[in-house]
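Each residue of the sequence shown is one higher than the one before, starting from 135 at the first, in my numbering. All residues carry an ideal CB built from backbone N, CA and C; glycine is no exception. Since the structure is predicted, the reported quantities are computational estimates derived from the model, not experimental observations. Comments concern the structure below.
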Amino acid sequence: MYMILLVLDDPNLLDEVLQAWHDAGVFPLSVIESTGIHRRKKRVPMRYVFDEGVELEGHVTLYGIAPSLEKVQTCLKACEEITGDLDLPSTGVFAAWQIEAFHGLSEEDTLP
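This is how it looks when you write it as structure tokens:
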């Protein structure tokens, strides 16, 4: 099994990427709102934001469990079909690594 992670620069693409990963057999999938150090340096402290329409740019981070390296490659390909080449700026960052230990979900829970 492999853990896969994607920091998606454009949150508007989230549903499309989630569906592509789910269709590829990656499950469970989780999403968190996130921001990077570059955007954090431009951040307006929350105590100064009083519904004045100031909106901070952020992105989302997806992570899930892929049952095989083949599924990891399928997810990467599907992702780049949606985001464009991840080596280009303002697209995202993809990573995958093998899971050494896995507890908390049965195999029936993890694979659709």
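- For residue 169, there is no enclosing beta strand (DSSP E), as DSSP gives it neither H nor E.
- Excluding the 5 residues flanking it on each side, residue 230 has same chain C-beta neighbours closer than 6 Å at 136, 138, 206, in chain order.
- The beta-bridge partner set that DSSP reports for residue 155 is empty.
- Taking the CA atoms as reference points, residue 192 sits about 12 Å from residue 224.
- Bounds of any alpha helix (DSSP H) do not take in residue 195; it lies within the beta strand (DSSP E) bounded by 193–200.
- One Cα belongs to residue 154, the other to residue 233, and the distance between them is close to 22 Å.
- Between residue 209 and residue 160, the beta carbon gap of about 6 Å places them in contact (Cβ cut-off 8 Å).
- Between residue 237 and residue 195, the alpha-carbon positions lie close to 22 Å from each other.
- Residue burial is scored here from C-beta neighbours: residue 200 has at least 16 other C-beta atoms within 10 angstroms and is therefore classed as buried.
- Contact between residue 213 and residue 151 is confirmed by a C-beta separation of about 6 Å, below the 8 Å threshold.
- Excluding the 5 residues flanking it on each side, residue 197 has same chain C-beta neighbours closer than 7 Å at 137, 138, 139, 164, in chain order.
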